[in-house]
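So the structure is just underneath, and the comments pick up after that.
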């Protein structure tokens, strides 16, 4: 008989809802679909998650019906003493894809259910078999009593995960990864399609975020901490704590997908939050913070060739990855702060990326990314300003390195001169012992120089870049993972959250890339399915790029003869330049509510930051070594309406 339309239990036709569910399972298990599944891991995960949810709901309904019918039968049994024997309604089970075996002559007997066996219970309450077989005799059975309407309590709005024992409803948020997508991004790939437009499926993801932010120094900042801006003791804000509520991290995403052929996949992804601000934005009355583009790109994948193409704004290829080098698989810290943690490598930039994989195990990728440079100097200097004269000269050159934003760019922000895009080349390997990757970064910096005494400028272009590596390693169990990354080079400050300057200037006015090294190490644990704990340590450190001026002092970045005595007392003058930032972050997430109307998570994060400046003096030949510190605490709640 047909598994879709003809399966019967004890002589009765299987109800329509079960036929649909079993039909879906048979379809998923067919040989034709097996090929598509092997080439479509993400979609398979979404289908399985949806089936588990439906199975859980089916089991819960059947259990309630069984209990209600059994109770009704028990109450009516004394009034029916003429019946020789009547068994209580029972729950038969059918294993998907397995034929029933028989006991006696004609009665089918189905395999018994076991925990985690993938067997769906099928209720026969309210039905009676046409005959009961026993030995060689067939005895007609008593007619089934007429079904009476029983009031059923609707399922709970939410389910407490901590109270579940062999729960039918399985959690819809996966926290087993070292970088769970539900926290770091929106996990839209693991959600079922919401609707379809022609041959295009549409998935929606995101969450509503509420964060309570406390900092030991008042930085007048939203839910993104500028780690390099923690003030020294000279600032009145140094000992003035900051308390702030924010919903700006509320995030929404849309994933559109089409499969023109079995081997070709087209995807478009857009992700936004409310981390922007306009000219009229304030927190006095309306808190009108504006939407901003986080990511917006489209991808082309040819599975048979192992070819992947990305165009648009996405996480830089320099970002550490948890698997492969494909988008939405980045290894991002599971923290709340929108500026991550010091030491990791990341940007989100427009780019063109081409990647190739071999058996989804070995990867190589080339990315051409939008460039931008940050500039630091020991003296006050803006684009078009004049540098202090170098030793032996009477005047210094004038330098130009940035312009204010024009059409569709921010007019209040400076944009650097960019002679060429940044280029990233990365190789990665996925093994049973973890994910490993190495990459190279190439950058170019440009300025316009007007030499002293001349009435014309000339272009000056300098090369920078570096090398980096990353890893994600399970520590003997899938409940504990070690992650790490490192980047070292010249002119790579833009790729760290602390934004140590990329370049300064030499005595001739040429851009001079600043040497820097950054890195982080993290430990991520999963003591329970609904709990994730983490701790990260990170550091960013810069080297010196200075020249000796005609005044006998050093100029550039990393000068060690500056008078820094004012850094030690309130309202003093402090021009210290950052040498090193080190941080320690710890926290966790608890997925404490889960149900058919969404999920809720709570998070707690603490970060300690320590900032060290290049040494100076107090004006009397005594060394001064300014340092400062800061604390941040986040308490966060997120509602995931699509994670059901």
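Numbering (the working numbering), first residue to last: -10 to 633. Virtual Cβ for every residue (Gly too), placed ideally from N, Cα, C.
Range covered by the beta strand (DSSP E) that runs through residue i
i           : result
residue 173 : First-last for residue 173: 170 to 173, but that is the alpha helix (DSSP H), not the beta strand (DSSP E).
residue 543 : 543 to 546
residue 358 : 351 to 358
residue 341 : 337 to 347
residue 463 : 447 to 463
residue 529 : 520 to 531
residue 261 : 253 to 265
residue 216 : It is not in any beta strand (DSSP E) - residue 216 carries neither H nor E in the DSSP assignment.
residue 635 : There is no way to answer for residue 635, as the model of the chain reaches only from -10 to 633.
residue 210 : Careful: residue 210 lies outside any beta strand (DSSP E) and carries neither H nor E.
residue 575 : 567 to 584
residue 243 : 240 to 247
residue 274 : Residue 274 -> no beta strand (DSSP E), and no H or E assigned at all.
residue 536 : 534 to 537
residue 184 : 184 to 186
residue 250 : Looking at the DSSP string, residue 250 is not in any beta strand (DSSP E), and its letter there is neither H nor E.
Sequence-distant residues of the same chain with beta carbon closer than 8 Å to residue i, five excluded per side
i           : result
residue 279 : 263, 265, 266, 267, 270
residue 10  : The predicted position of residue 10 is uncertain, since its pLDDT is 47 and thus under 50; no value can be drawn from it.
Proximal residues to residue i (C-beta, below 6 Å), its chain only, five neighbours per side dropped
i           : result
residue 105 : Interpretation of residue 105 is limited by its pLDDT of 38, a score under 50 that renders its predicted location unreliable; no figure is taken from the coordinates.
residue 124 : Because the pLDDT at residue 124 is just 41, under 50, the model does not fix this residue reliably, and the point stays unresolved.
residue 257 : 245, 287
residue 594 : 324, 325, 576, 623
residue 177 : 192, 194, 242, 244
Reduced DSSP category for residue i - H, G, I as helix; E, B as strand; rest coil
i           : result
residue 198 : strand
residue 600 : strand
residue 205 : coil
residue 380 : coil
residue 0   : Low confidence applies to residue 0: its pLDDT is 43, below 50, so where it sits in the model is not reliable, and the reading given next is rough at best. DSSP places residue 0 in coil when its eight states are reduced to three.
residue 294 : coil
residue 372 : coil
residue 610 : coil
residue 633 : coil
residue 503 : coil
residue 314 : coil
residue 233 : strand
residue 481 : coil
residue 388 : strand
residue 409 : coil
residue 415 : strand
residue 227 : coil
residue 19  : Residue confidence for residue 19 is low, a pLDDT of 47 falling below 50, so the modelled location carries little weight; the figure read from the coordinates is stated next. Correct three-state label for residue 19: coil.
residue 56  : helix
residue 191 : strand
residue 71  : In this prediction, residue 71 has a pLDDT of 42, which is less than 50 and means its spatial position is unreliable; what the coordinates show is noted afterwards. Coil.
residue 666 : With the chain represented from -10 up to 633, any question about residue 666 goes unanswered, as that position is not in the structure.
residue 514 : strand
residue 179 : helix
residue 487 : coil
residue 135 : Residue confidence for residue 135 is low, a pLDDT of 49 falling below 50, so the modelled location carries little weight; the figure read from the coordinates is stated next. Residue state, collapsed to three classes: coil.
residue 303 : strand
Cβ-Cβ separation, residue j to residue i (assumed contact under 8 Å), whole Å
i           : j           : result
residue 505 : residue 458 : Actually they do not touch by this definition, with Cβ atoms about 16 Å apart.
residue 165 : residue 319 : Contact doesn't hold; Cβ gap of about 17 Å is too wide.
residue 331 : residue 490 : About 15 Å; that fails the 8 Å criterion.
residue 195 : residue 631 : 7 Å
residue 580 : residue 588 : 6 Å
residue 234 : residue 625 : In fact, because the Cβ distance is near 11 Å, the residues do not count as touching under 8 Å.
residue 398 : residue 404 : 6 Å
Residue i beta carbon near the ligand FAD (any heavy atom closer than 8 Å)
i           : result
residue 549 : This structure lacks the ligand FAD, and indeed carries no ligand of any kind.
Cutoff 7 Å; reference residue i; Cβ partners in own chain excluding five residues on either side
i           : result
residue 368 : 377, 544
residue 492 : 362, 364, 434, 480, 500, 501, 502, 503
residue 538 : 377, 378, 379, 380, 544
residue 608 : 552, 554
Reference residue i; option with closest CA among the options
i           : options            : result
residue 203 : 473, 211, 357      : 211
residue 381 : 421, 496, 604      : 496
residue 488 : 464, 48, 292, 528  : 528
residue 619 : 448, 602, 205, 235 : 205
residue 290 : 312, 608, 455, 255 : 255
residue 558 : 587, 315, 223      : 223
residue 547 : 523, 449, 494, 576 : 494
residue 540 : 444, 551, 614, 579 : 551
residue 227 : 621, 617, 586      : 617
residue 304 : 324, 439, 356      : 356
residue 230 : 327, 621, 629      : 621
residue 629 : 390, 187, 240, 54  : 240
residue 249 : 514, 189, 235      : 189
Proximity test, Cβ basis, 9 Å: residue i and chain D
i           : result
residue 307 : Annotation note: the requested chain D is absent from the structure, which comprises a single protein chain.
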